[in-house]
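Below is one structure, written out as structure tokens; comments come after it.
Number of protein chains: 2
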Amino acid sequence: MLLDDRKKRILEAIIEEYNNTAEPVGSTKIANDYNLGFSPATIRNEMASLEELGYLEQPHTSAGRVPSSKGYRLYIDNIMKEKNLTAKEKAVIDEILQNDITKIENLIHEATNILSRLTNYASIAMGPEIENCSVEEIKLVKIGNNRLMIVILADNGIIKESLVNYDGVIPEENIEIFNNFLNYKLKGRNFREIYENINSYVENELYNISNNIVPLMVEINNLLVDGNSKVYMEGATNMLALPELKKVDTLKNFLNIIETKDAIKELMKSGYDGNINVYIGQETAFDDLKDFTIITYKQSLNDKEVGTIGIIGPKRMDYKKVIPTIKYLGEAIQQKINQGGKKDVRDDGEE
Amino acid sequence: MLLDDRKKRILEAIIEEYNNTAEPVGSTKIANDYNLGFSPATIRNEMASLEELGYLEQPHTSAGRVPSSKGYRLYIDNIMKEKNLTAKEKAVIDEILQNDITKIENLIHEATNILSRLTNYASIAMGPEIENCSVEEIKLVKIGNNRLMIVILADNGIIKESLVNYDGVIPEENIEIFNNFLNYKLKGRNFREIYENINSYVENELYNISNNIVPLMVEINNLLVDGNSKVYMEGATNMLALPELKKVDTLKNFLNIIETKDAIKELMKSGYDGNINVYIGQETAFDDLKDFTIITYKQSLNDKEVGTIGIIGPKRMDYKKVIPTIKYLGEAIQQKINQGGKKDVRDDGEE
DNA sequence: TTTTAGCACTTCTTTCGTTCGAGTGCTAAA
DNA sequence: TTTAGCACTCGAACGAAAGAAGTGCTAAAA
Chain A
1 MLLDDRKKRI LEAIIEEYNN TAEPVGSTKI ANDYNLGFSP ATIRNEMASL EELGYLEQPH
61 TSAGRVPSSK GYRLYIDNIM KEKNLTAKEK AVIDEILQND ITKIENLIHE ATNILSRLTN
121 YASIAMGPEI ENCSVEEIKL VKIGNNRLMI VILADNGIIK ESLVNYDGVI PEENIEIFNN
181 FLNYKLKGRN FREIYENINS YVENELYNIS NNIVPLMVEI NNLLVDGNSK VYMEGATNML
241 ALPELKKVDT LKNFLNIIET KDAIKELMKS GYDGNINVYI GQETAFDDLK DFTIITYKQS
301 LNDKEVGTIG IIGPKRMDYK KVIPTIKYLG EAIQQKINQG GKKDVRDDGE E
Chain B
352 MLLDDRKKRI LEAIIEEYNN TAEPVGSTKI ANDYNLGFSP ATIRNEMASL EELGYLEQPH
412 TSAGRVPSSK GYRLYIDNIM KEKNLTAKEK AVIDEILQND ITKIENLIHE ATNILSRLTN
472 YASIAMGPEI ENCSVEEIKL VKIGNNRLMI VILADNGIIK ESLVNYDGVI PEENIEIFNN
532 FLNYKLKGRN FREIYENINS YVENELYNIS NNIVPLMVEI NNLLVDGNSK VYMEGATNML
592 ALPELKKVDT LKNFLNIIET KDAIKELMKS GYDGNINVYI GQETAFDDLK DFTIITYKQS
652 LNDKEVGTIG IIGPKRMDYK KVIPTIKYLG EAIQQKINQG GKKDVRDDGE E
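Taken in sequence, the protein lines are chains A and B. Residues 1 to 351 (this note's numbering) make up the first sequence, in order. Residues 352 to 702 (this note's numbering) make up the second sequence, in order.
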């Protein structure tokens with residue numbers, strides 16, 4: 001259903017006014033400050049009509065109007081003009097990403113940091129689901145005399161590493177044997193597949209060399225599922241300053257959201273790669289989220305998901321600024337991921 | 352200045368009552384519920400006296416009394432009996448720590464997780480200051496075809512690792528040369544010393560082999576200071592439910608504390624190793640902390656600090672439970688650290 | 001001498017009615 | 001079709017009054 005131009009302009013004015021004040025917006029305010037060329041009475045009529053259509057809401061009879069989720073949706077899709085970042089803002093982001101961050105997880109973690117500072121909302125990030133990871137290479141490295149570092153490189157560029165302690169000194173030959181064995185057994189396999197069949201991979205063959213293989217395999221298994229689609233959040237306390245959280249109910253909802261993170265996880269899993277996904281209030285099925293908006297950006301490498309970044313903020317958000325910000329950051333990070341993950345010509349068959 | 356027994360018992364009762372209710376405590380309540388064998392009038396006299404001595408405070412004339420920082424201090428040092436953890440509670444902690452966590456940082460990070468869940472306050476942790484780390488071993492590992500992982504093992508057991516991307520394929524010989532060179536130059540040196548003199552370590556000699564050594568050294572330098580005495584915090588939102596944070600001022604102070612973390616950092620640096628350190632409200636010079644208590648436990652390995660764990664909560668805290676909890680966890684973690692730092696005796700896996 | 005009952009006093013909290021202001025919807029005129 | 005005018009609604013702000021909690025002091029009891 002399309003709105004005529006006048007209604008759109010009024011809706012836009014209301015949303016912008018509401019963004020600034022967080023108070024219900026009255027007809028006179030719009031008539032005076034947004035010179036649309038109509039009297040308060042006319043605007044009043046239009047507002048009544050916009051409410052009828054579901055784009056506005058009224059807290060009580062004698063109050064002004066507040067944009068509904070549907071109103072914001074229309075605003076985002078049809079009305080607002082995105083405000084590109086200034087050269088300066090871009091420079092800030094670029095500068096931060098300049099520090100050679102090569103591990104995808106660190107990159108994504110850094111993103112939450114940037115996002116919460118840039119938007120002043122809570123930023124969220126999620127690592128890849130293990131279904132999306134397969135072993136590309138596994139490496140054992142002797143650290144000191146009695147520790148082994150396990151490094152697993154996944155085909156989507158994710159790197160996981162961990163340590164195991166050993167009893168006594170580890171003979172170099174054993175490391176190489178283990179190394180070869182592990183690569184032979186695990187290379188190319190999906191993380192989840194390995195996790196579920198770990199026992200079948202270690203058979204008698206290896207026990208003979210050393211039963212130290214057991215704690216090693218246990219740790220590898222931990223490593224595979226470690227942080228599986230775990231949600232990180234930063235800057236949640238930014239949110240506390242928001243007027244919307246003055247209402248006890250809304251605050252409780254928010255605390256609920258960040259405590260369980262289920263809703264966030266689910267939304268982050270859905271959505272399209274390499275694109276902004278915006279979920280406004282009741283657009284999701286989660287009741288706790290009814291006063292909040294979640295915006296996400298999925299990162300991938302060679303068509304494999306590696307993680308998702310985003311923010312959670314109040315529905316009342318400066319979308320025309322926030323969306324381009326996340327877009328820019330998402331793309332910048334995507335570029336860094338691609339850079340680090342570029343597979344160029346393999347030279348020798350080392351392994 | 353010692354208090355007579357009756358005053359102590361009254362102070363104890365007041366503190367315990369206040370812990371439960373978060374409301375100023377009146378004489379009648381104490382007389383009725385804590386059968387000390389005195390009438391409200393007598394208790395009233397004693398309360399006036401305890402206030403005179405600085406152990407209690409009165410919000411206003413017609414209100415009950417509230418324990419002061421000095422009151423809590425006396426309570427902790429002289430009055431309360433620590434309540435040991437139940438076997439069950441210990442089992443929970445042991446169980447969580449059972450998962451072979453070998454990296455000290457992960458261990459400390461895991462501790463914050465446990466602490467915030469166990470205490471329902473905000474838990475804090477700080478990594479080691481780089482002054483306390485010296486290079487024990489440095490290792491370069493080729494990952495895939497064009498990435499190098501740098502692993503640095505410090506003498507206090509801290510392990511840091513990072514990745515650098517390379518243009519083109521890295522010849523194996525170069526890695527070995529770099530490796531030897533780095534160990535030769537850096538082994539035994541203090542992190543800070545290296546950080547400040549990095550340029551003098553890389554001279555012409557290495558450029559000739561490959562100028563790829565430059566990004567490598569840059570990354571090593573980043574790695575050395577990465578997370579230097581950085582404060583981690585978890586469960587800050589637990590605190591929001593507290594009645595003390597209903598007061599806007601107190602909330603602001605708290606937000607200030609977690610935003611800057613300066614006060615926390617300073618307190619965590621002071622204090623004794625392997626021991627509980629308790630800082631109650633005005634006992635610190637930080638005005639923002641006047642309504643909060645910070646409890647810390649410093650971890651070390653071979654007399655070298657490796658980090659500090661702790662909590663921040665309201666002054667009104669169930670000290671006789673919280674203190675043993677942190678103590679137990681601190682000691683458990685210390686044990687794991689010592690274990691990892693020496694040799695882990697482990698015969699074989701169970702599964 | 002110590003303890004306690006009794007009571008006047010202080011201060012905060014709650015409640016309730018009133019006023020005030022913001023903003024609406026409707027009607028009738030422009 | 002737009003707008004001025006106006007009665008109406010409802011929450012917010014204010015202030016007075018009542019009520020609750022708890023004190024400190026005095027004088028009697030133990």
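Glycine is no exception: its CB is placed at the ideal position from the N, C-alpha and C atoms. Here the structure is a predicted model, which means the values were calculated and not measured.
Option nearest A/Ser-68 by Cα separation, candidates A/Lys-187, A/Asn-19 and A/Thr-112: Reading the first sequence from its first residue, position 68 is the one you call residue 68 of chain A. When each option's Cα is compared against that of A/Ser-68, the closest is A/Asn-19.
According to DSSP, residues forming a beta bridge with A/Glu-219: Residue 219 of chain A sits at position 219 when you count from the first residue of the first sequence. Looking at the DSSP output, A/Glu-219 shares a beta bridge with no other residue.
Residue-level contact to chain A via CB, B/Val-565, 8 Å cutoff: Within the second sequence, the letter at position 214 stands for residue 565 of chain B. Contacts with chain A at 8 Å (Cβ-Cβ) do not include B/Val-565.
Per-residue DSSP class, three states only, for A/Phe-352: What is shown of chain A runs 1 to 351, which leaves residue 352 of chain A out entirely.
C-alpha distance - A/Gly-310 paired with A/Gly-330, whole-angstrom precision: Mapped onto the first sequence, residue 310 of chain A falls at position 310. Mapped onto the first sequence, residue 330 of chain A falls at position 330. Using only the alpha carbons, I get a separation of about 9 Å.
Neighbour list for B/Ala-505 in chain A, Cβ cutoff strictly below 9 Å: For the purposes of this step, residue 505 of chain B is taken as the residue at position 154 of the second sequence. Residues of chain A passing the Cβ test: none, with the nearest at roughly 11 Å.
DSSP three-state assignment for A/Leu-148, whether helix, strand or coil: Here residue 148 of chain A refers to the residue found at position 148 when the first sequence is read from its first residue. In this structure, A/Leu-148 counts as strand in the three-state DSSP scheme.
For A/Ser-123: DSSP bridge partner residues: For this step, residue 123 of chain A is matched to residue 123 along the first sequence. BP columns for A/Ser-123 point to A/Glu-234 and A/Ile-311.
Range covered by the alpha helix (DSSP H) that runs through A/Ser-300: To locate residue 300 of chain A, count along the first sequence from 1; it is residue 300. Where A/Ser-300 is concerned, there is no enclosing alpha helix (DSSP H), although the beta strand (DSSP E) it sits in stretches over 292-301.
Assigned exposure category for A/Glu-176 - 16 Cβ within 10 Å defines buried: Looking up residue 176 of chain A in the first sequence gives position 176. The residue in question, A/Glu-176, is exposed, as its Cβ has fewer than 16 Cβ neighbours within 10 Å.
Check whether A/Lys-83 and A/Lys-320 have beta carbons under 8 Å apart: Counting from 1 along the first sequence, the entry for residue 83 of chain A is found at position 83. Counting from 1 along the first sequence, the entry for residue 320 of chain A is found at position 320. In contact: A/Lys-83 and A/Lys-320 (Cβ atoms closer than 8 Å).
Within chain A, partners of B/Lys-490 - CB distance below 9 Å: By one-based count along the second sequence, residue 490 of chain B stands at place 139. Near B/Lys-490 (Cβ distances below 9 Å), the residues of chain A are Val-141, Lys-142, Ile-143 and Met-149.
Chain B within 8 Å of A/Leu-224, Cβ atoms only: As a working note, residue 224 of chain A is residue 224 in the first sequence. Judged by the 8 Å Cβ criterion, A/Leu-224 is not in contact with chain B.
Rounded separation between B/Leu-354 and B/Asp-384 - CA only: Residue numbering aside, residue 354 of chain B sits at position 3 when the second sequence is read from its first letter. Residue numbering aside, residue 384 of chain B sits at position 33 when the second sequence is read from its first letter. The alpha-carbon atoms of B/Leu-354 and B/Asp-384 are separated by roughly 22 Å.
Beta-ladder partner(s) of A/Ala-154, from DSSP: Start at 1 with the first residue of the first sequence, and residue 154 of chain A comes out as number 154. A/Val-135, per the DSSP bridge assignment.
Coil, strand or helix - A/Asp-273 by DSSP: Reading the first sequence from its first residue, position 273 is the one you call residue 273 of chain A. If DSSP states are grouped into helix, strand and coil, A/Asp-273 belongs with the strands.
Neighbourhood of A/Lys-142 by C-beta distance below 7 Å, restricted to the same chain and skipping five residues each side: For the purposes of this step, residue 142 of chain A is identified with residue 142 of the first sequence, where counting begins at 1. Only Leu-148, Ile-170 and Ile-175 meet the Cβ criterion.
Straight-line gap, A/Ile-14 to A/Val-66 (C-alpha atoms, nearest Å): Position 14 of the first sequence, counted from the first residue, corresponds to residue 14 of chain A. Position 66 of the first sequence, counted from the first residue, corresponds to residue 66 of chain A. Taking the straight line from one Cα to the other gives about 8 Å.
Best match in A/Val-322, A/Gln-339 and A/Thr-237 for proximity to A/Leu-85 [C-alpha to C-alpha]: For the purposes of this step, residue 85 of chain A is identified with residue 85 of the first sequence, where counting begins at 1. With distances taken between Cα atoms, A/Leu-85 lies closest to A/Val-322.
Minimum C-alpha distance to B/Asn-464 - residue among B/Lys-454, B/Ile-444, B/Pro-479 and B/Gly-478: Mapped onto the second sequence, residue 464 of chain B falls at position 113. With distances taken between Cα atoms, B/Asn-464 lies closest to B/Ile-444.
Minimum Cβ-Cβ distance from A/Thr-102 to chain B less than 8 Å: Counting from 1 along the first sequence, the entry for residue 102 of chain A is found at position 102. Judged by the 8 Å Cβ criterion, A/Thr-102 is in contact with chain B.
Distance, A/Ser-300 Cα to A/Gln-334 Cα: To locate residue 334 of chain A, count along the first sequence from 1; it is residue 334. To locate residue 300 of chain A, count along the first sequence from 1; it is residue 300. Cα to Cα, the separation comes out at about 7 Å.
Chain A contact for B/Gly-700 (CB, 8 Å cutoff): Taking the second sequence and counting its residues from 1, one reaches residue 700 of chain B at position 349. With a pLDDT of 35 at B/Gly-700, under the threshold of 50, the modelled position of this residue cannot be trusted; read the value that follows with caution. For B/Gly-700, the answer is yes, since a Cβ of chain A falls inside 8 Å of its Cβ.
Touching by the beta-carbon criterion (3+ pairs, under 8 Å), the segment 33-48 of chain A and the segment 5-14 of chain A: yes
Closest residue to A/Ala-22 among A/Phe-292, A/Ser-270, A/Leu-242 and A/Thr-293 (Cα-Cα distance): For the purposes of this step, residue 22 of chain A is taken as the residue at position 22 of the first sequence. Cα-wise, what sits closest to A/Ala-22 is A/Leu-242.
Min CB distance A/Leu-242 to chain B below 8 Å: Residue mapping note: residue 242 of chain A aligns to position 242 of the first sequence, counting from 1. With 8 Å as the cut-off, A/Leu-242 does not count as an interface residue toward chain B.
Through-space distance from B/Phe-532 to B/Lys-524, alpha-carbon basis: For the purposes of this step, residue 524 of chain B is taken as the residue at position 173 of the second sequence. For the purposes of this step, residue 532 of chain B is taken as the residue at position 181 of the second sequence. The amino acid at residue 524 of chain B is misidentified as Lys; the sequence shows Glu. Taking C-alpha positions only, B/Glu-524 is separated from B/Phe-532 by approximately 12 Å.
Min CB distance A/Ala-236 to chain B below 8 Å: Indexing the first sequence from 1 puts residue 236 of chain A at position 236. It does: the Cβ of A/Ala-236 has a partner Cβ on chain B nearer than 8 Å.
Cut-off 7 Å between Cβ atoms - residues of its own chain near B/Tyr-623, not counting five sequence neighbours on either side: Position 272 of the second sequence, counted from the start, is the residue given in the question as residue 623 of chain B. Correct list, in chain order: Lys-649.
Residue(s) in a DSSP beta bridge with A/Met-65: For this step, residue 65 of chain A is matched to residue 65 along the first sequence. Residue 65 of chain A is actually Arg in this sequence, not Met. According to DSSP, A/Arg-65 bridges with A/Val-25.
Euclidean distance between Cα positions of B/Asp-695 and B/Asn-689: Working through the second sequence from its first residue, we reach residue 695 of chain B at position 344. Working through the second sequence from its first residue, we reach residue 689 of chain B at position 338. The predicted model places B/Asp-695 with a pLDDT of 37, which falls under 50 and marks its position as unreliable, so this point remains unresolved.
Alpha-carbon spacing of A/Arg-189 relative to A/Gly-127, whole angstroms: On the first sequence, residue 189 of chain A is found 189 positions in, with the first residue counted as 1. On the first sequence, residue 127 of chain A is found 127 positions in, with the first residue counted as 1. C-alpha separation (whole angstroms): 19 Å.
is_contact[B/Gly-713, chain A] using C-beta, thresh 8 Å: Given a span of 352 to 702 for chain B in the structure shown, any question on residue 713 of chain B remains unanswerable.
Own chain partners of B/Ile-646 with C-beta closer than 6 Å, once the 5 adjacent residues on each side are dropped: Translated into the one-based positions of the second sequence, residue 646 of chain B becomes position 295. For B/Ile-646, the CB contacts under 6 Å within the same chain, skipping 5 residues up- and downstream, are Val-629, Gly-661, Ile-662 and Ile-677 in chain order.
Same chain, Cβ closer than 7 Å to A/Pro-215, five either side skipped, listed in chain order: Walking along the first sequence from the start, residue 215 of chain A turns up at place 215. Same-chain partners within the cutoff: Val-164.
Of the listed residues A/Asn-221, A/Lys-290 and A/Met-268, nearest to A/Val-435 (C-alpha basis): Here chain A comprises residues numbered 1 to 351, so residue 435 of chain A is not present and cannot be evaluated.
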